[in-house]
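*Asks:* Encoded as structure tokens, here's the structure I'll be asking about.
There are 2 protein chains.
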Amino acid sequence: MELEFLGTSSGTPTRTRNVAGLALRMDGKGSGWALVDCGEGTQHRILRTALTLHQLRAIFITHLHGDHCYGLPGLLASAGLLNRSERLFIVGPRPLERYLQGVMETTELALPYPLTFVPVEELDGTDVLPDLTVRATELSHRMRSFAYTFTEKEVERRLDASKLAAAGVPRGPAWGLLQKGEDITLDDGRTVRPAEVLLPGRRPRRVIVAGDNDRPGLLAEAAIDADVLVHEATYTEPILAKVGPAPQHSSAQMVARFAETAALPNLVLTHFSPRYQDHHGPLTLADVAAEARAAYTGRLFLARDLARFALDRQGRLEEVTPPRAAPPPRQGTAGDAAEA
Amino acid sequence: MELEFLGTSSGTPTRTRNVAGLALRMDGKGSGWALVDCGEGTQHRILRTALTLHQLRAIFITHLHGDHCYGLPGLLASAGLLNRSERLFIVGPRPLERYLQGVMETTELALPYPLTFVPVEELDGTDVLPDLTVRATELSHRMRSFAYTFTEKEVERRLDASKLAAAGVPRGPAWGLLQKGEDITLDDGRTVRPAEVLLPGRRPRRVIVAGDNDRPGLLAEAAIDADVLVHEATYTEPILAKVGPAPQHSSAQMVARFAETAALPNLVLTHFSPRYQDHHGPLTLADVAAEARAAYTGRLFLARDLARFALDRQGRLEEVTPPRAAPPPRQGTAGDAAEA
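Quick note, the sequences are listed as chains Z and F, same order.
The opening residue of the first sequence carries number 1 in the numbering used here; numbering runs sequentially from there.
The opening residue of the second sequence carries number 1001 in the numbering used here; numbering runs sequentially from there.
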């Protein structure tokens, strides 16, 4: 599984950070990718990656503030101009449907592919991604806001050679059938079931991507068995004290303390106030990192635009951003080989 | 007067061209600037210029296709986050108001500054810019689309020294009053009016910025005494023949022929289909330029993102893009000194 950050700024874009957008890529061939939040300019960021709008399976919107959804109409329109034909799922709070319908009607946007809106309240039991189950958890913010928890549907299982020998299953096609989950019948008439000869499966990987939220503890239940939490850290404590609680955002310390208590092995902070400069200035992201580090002993990451992270089968997150991104492939006719 | 292109692509952004947006800057200190069209990502382009959202006076939307208006909600929101307090005028086709109201309501966008919507049908006689009068002309497109014609309200006038001498006006404060347009009374009781002693004024400069349109001839009346036409040239003739007339766009040849007939001295083409590459490829912008050049003998320009053009008082347009743009000033807290 891979996470690729398309935007990491809160409220307004800066010259180096766009507003919210996160691509979640599954391992499987053809399983495509999912987008969590779609701030203005998300489609422009996608042009700088290897992601394509054709392989996008579903879009999850955490909440309806503009910096999380104003890129949606343009992305949908571009997918249409690029001749997408496959169904696209859009999951989000209920007013999202009214927002989209209003935009599509007033701007006469007709799409050449089917769009299915799934209200977040009806997400449980809905099958929107081929490889992952998705659950929503309500958070605490100025408007209704949600976290999405993505869990692998299936984990690969390996055969236990000693159990196969004990059961007398001869090496050959029968092994393959058992690994695929099928019962086999031996020459002597006995039936062997996969559960009898497979090693215990690893824990399915689980990633939580949270929307804006000032009570990280609301994720306590979702965090059980989670490998990664991606959470906003809009402020540091001194700035939160100055701004006050009204915007209902988290500080780095609040999120870090929660992640420590929940024993989350990997924490990625994002959605930084534009007042924090990347490198030099009165306030920098080093301040955010230091505050989180002081309260959290797990693997800590601060997201950057176009940074990629891989989560391996042991649940360890690593940054895998290429040192310098290769020129991305063209998307339909909309790509352009040269970058100004 | 200056034109600064913020986006020059049609339909979808490319890696070098954003969707429609054009800044029109007046000469006068404090007169600010106007924006014509606001495709998604316009606020991101503005971060790469010296323009600020505080000095924006009015936004004119030519038509409601997404590539001309999907950047509007985000730009309005960012101006609010940057603490804009001055009124902002928005001019456009009537459904624009419904589009904006729907977005603002569903995404709970409250702005800390007053917004005044002026339906394009009611633009005549409305005073939206300090230095320019603006008129709209309806065009021909798949949805209602308009051109905006910007004309200087006042031109500077100079005194005619020989007429002042003949009228017996003594050099001194009286000259200044006459130049400011005030009558004066001489010691002998005679009244001298400015019209008697001023040189004839130059023609006020006039710039037409057209929306999507497949009948350039509709601009014949607006083009009388115009110095500059900015018009879409989405296709070249061979591609238009292939695509067919349904999208209702112009070819470079169609616009060039019209500009030639109307004796327009300066023509700027923009809104190019992403199929035309900047430099290398089966189709490039050199094809667009060659087709227009063959039909037009005036000063021809193809717009590029972030290209700036100055229109001098003699009505001559020149490109004045700095060879390499200086780092832009920070905008409130949203700027970021370093560019990734």
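Don't be surprised by glycine CBs; every beta carbon is placed ideally from N, CA and C.
Since the model is a prediction, treat every value here as computed from it, not as a measurement.
Could you tell me which uninterrupted beta strand (DSSP E) segments, each at least 3 residues in length, are contained entirely in the segment 237-325 of chain Z, listed from first to last along the chain?
*Replies:* Qualifying beta strand (DSSP E) stretches, in chain order: 266-270, 299-302, 308-311, 317-319.
*Asks:* Keeping to the same chain, check which residues put their C-beta closer than 7 Å to that of Z/Asn266; ignore five residues upstream and five downstream.
*Replies:* Correct list, in chain order: Asp227, Val228, Gly298, Arg299, Leu317.
*Asks:* Between which two residues does the beta strand (DSSP E) harbouring Z/Ile59 extend?
*Replies:* 56-60 is the extent of the beta strand (DSSP E) around Z/Ile59.
*Asks:* Is there a Cβ of chain F sitting closer than 8 Å to that of Z/Gly21, yes or no?
*Replies:* So no, Z/Gly21 is outside the interface.
*Asks:* Going along chain F in order, which residues have a C-beta closer than 9 Å to the C-beta of Z/Met143?
*Replies:* The answer, in chain order, is Thr1107, Glu1108.
*Asks:* Between the segment 1029-1039 of chain F and the segment 1180-1188 of chain F, do three or more beta carbon pairs fall short of 8 Å?
*Replies:* Output reads no: the segment 1180-1188 of chain F does not touch the segment 1029-1039 of chain F.
*Asks:* Closer than 8 Å, Cβ to any Cβ of chain F: which residues of the segment 59-86 of chain Z, in chain order?
*Replies:* Per Cβ criterion, the list reads Leu64, His65, Gly66, Asp67, Cys69, Tyr70, Gly71, Pro73, Gly74, Ala77, Ser78, Leu81, Leu82.
*Asks:* In terms of residue numbering, what span does the beta strand (DSSP E) encompassing Z/Glu152 cover?
*Replies:* Segment 146-152, the beta strand (DSSP E) holding Z/Glu152.
*Asks:* Run through chain Z and tell me which residues come within less than 8 Å of F/Val1099, C-beta to C-beta.
*Replies:* Looking at the sequence provided, one finds Tyr at residue 1099 of chain F rather than Val. Near F/Tyr1099 (Cβ distances below 8 Å), the residues of chain Z are Gly102, Val103, Thr106, Thr107.
*Asks:* Output needed for Z/Val320: all residues of its chain with C-beta closer than 7 Å, excluding positions within five of it in sequence on either side, in chain order.
*Replies:* Arg308, Phe309, Ala310.
*Asks:* Pull up the distance between the alpha-carbon of F/Ala1058 and that of F/Lys1153, whole angstroms please.
*Replies:* Each residue's alpha carbon lies about 16 Å from the other.
*Asks:* CB Z/Leu264 to CB Z/Leu285, shorter than 8 Å?
*Replies:* Cβ atoms of Z/Leu264 and Z/Leu285: not closer than 8 Å.
*Asks:* What is the DSSP secondary structure of Z/Thr116, counted as helix, strand or coil?
*Replies:* Strand.
*Asks:* How would you call Z/Ile224, buried or exposed, if buried means at least 16 neighbouring beta carbons within 10 angstroms?
*Replies:* Label assigned to Z/Ile224: exposed.
*Asks:* According to the Cβ coordinates, are F/Gly1102 and Z/Thr106 closer than 8 Å?
*Replies:* Yes, the pair counts as a contact, with Cβ atoms nearer than the cut-off.
*Asks:* Is there a Cβ from chain F that is less than 8 Å from the Cβ of Z/Gln43?
*Replies:* By this cut-off, Z/Gln43 is an interface position.
*Asks:* Would you kindly work out how many angstroms separate the C-alpha atoms of F/Val1197 and F/Thr1052, rounded to a whole number?
*Replies:* The alpha-carbon atoms of F/Val1197 and F/Thr1052 are separated by roughly 41 Å.
*Asks:* Along the beta strand (DSSP E) that carries F/Glu1196, what are the first and last residues, could you check?
*Replies:* No beta strand (DSSP E) holds F/Glu1196; the alpha helix (DSSP H) holding it covers 1194-1197.
*Asks:* Identify every residue that forms a DSSP beta bridge with Z/Tyr99.
*Replies:* Bridge partners of Z/Tyr99: none, in fact.
*Asks:* First and last residue of the alpha helix (DSSP H) that includes Z/Asp37?
*Replies:* Counting along the chain, Z/Asp37 falls outside any alpha helix (DSSP H), though it belongs to the beta strand (DSSP E) covering 33-38.
*Asks:* Which chain F residues sit within Cβ distance under 9 Å of Z/Glu237?
*Replies:* Result: empty, since nearest Cβ-Cβ is about 18 Å, beyond 9 Å.
*Asks:* Determine, for Z/Gly7, whether the minimum Cβ-Cβ distance to residues of chain F falls below 8 Å.
*Replies:* So no, Z/Gly7 is outside the interface.
*Asks:* Can you tell me where the beta strand (DSSP E) with Z/Thr137 in it begins and where it stops?
*Replies:* Element bounds for Z/Thr137: 132-138.
*Asks:* Taking only beta-carbon atoms, is F/Pro1323 less than 8 Å away from chain Z?
*Replies:* Not an interface residue.
*Asks:* Run through chain Z and tell me which residues come within less than 7 Å of F/Pro1095, C-beta to C-beta.
*Replies:* Within chain Z, the residues near F/Pro1095 are Thr106.
*Asks:* Need the endpoints of the beta strand (DSSP E) that Z/Gly343 sits in, please.
*Replies:* Absent from the structure is residue 343 of chain Z, since the part of chain Z shown begins at 1 and ends at 340.
*Asks:* Is the beta carbon of F/Pro1073 sitting closer than 8 Å to the one on Z/Gly21?
*Replies:* It is not a contact, given that the beta carbons lie outside the stated cut-off.
*Asks:* Can you tell me whether DSSP reads F/Ile1224 as helix, strand or coil?
*Replies:* In the structure shown, F/Ile1224 sits in coil (DSSP, three-state: anything other than H, G, I, E or B).
*Asks:* Can you give me, in chain order, the residues of the segment 1111-1130 of chain F that have a beta carbon less than 9 Å from any beta carbon in chain Z?
*Replies:* Answer in chain order: no residues at all.
*Asks:* Where do the ends of the beta strand (DSSP E) carrying Z/Arg206 lie?
*Replies:* First-last of the beta strand (DSSP E) with Z/Arg206: 206-210.
*Asks:* Can you tell which of Z/Asp212, Z/Pro173, Z/Leu240, Z/Val155 has its C-alpha closest to the C-alpha of Z/Leu348?
*Replies:* Since the first and last residues shown for chain Z are 1 and 340, residue 348 of chain Z lies out of range.
*Asks:* Can you tell which of F/Glu1086, F/Gln1043, F/Pro1093 has its C-alpha closest to the C-alpha of F/Thr1062?
*Replies:* The residue with the shortest Cα to Cα distance from F/Thr1062 is F/Pro1093.
*Asks:* Report the neighbours of Z/Leu47 on chain F: residues whose CB is nearer than 8 Å to its CB, in chain order.
*Replies:* Correct list: Pro1013, Thr1014, Arg1015.
*Asks:* Short check: CB of F/Thr1234 to CB of F/His1249, under 8 Å?
*Replies:* Taking 8 Å as the Cβ cut-off, F/Thr1234 and F/His1249 qualify as a contacting pair.
*Asks:* Could you name the residues of the same chain whose beta carbon sits closer than 7 Å to that of Z/Arg257, not counting the 5 residues immediately before and after it, in chain order?
*Replies:* Excluding positions up to five away in sequence, the list reads Ala295.
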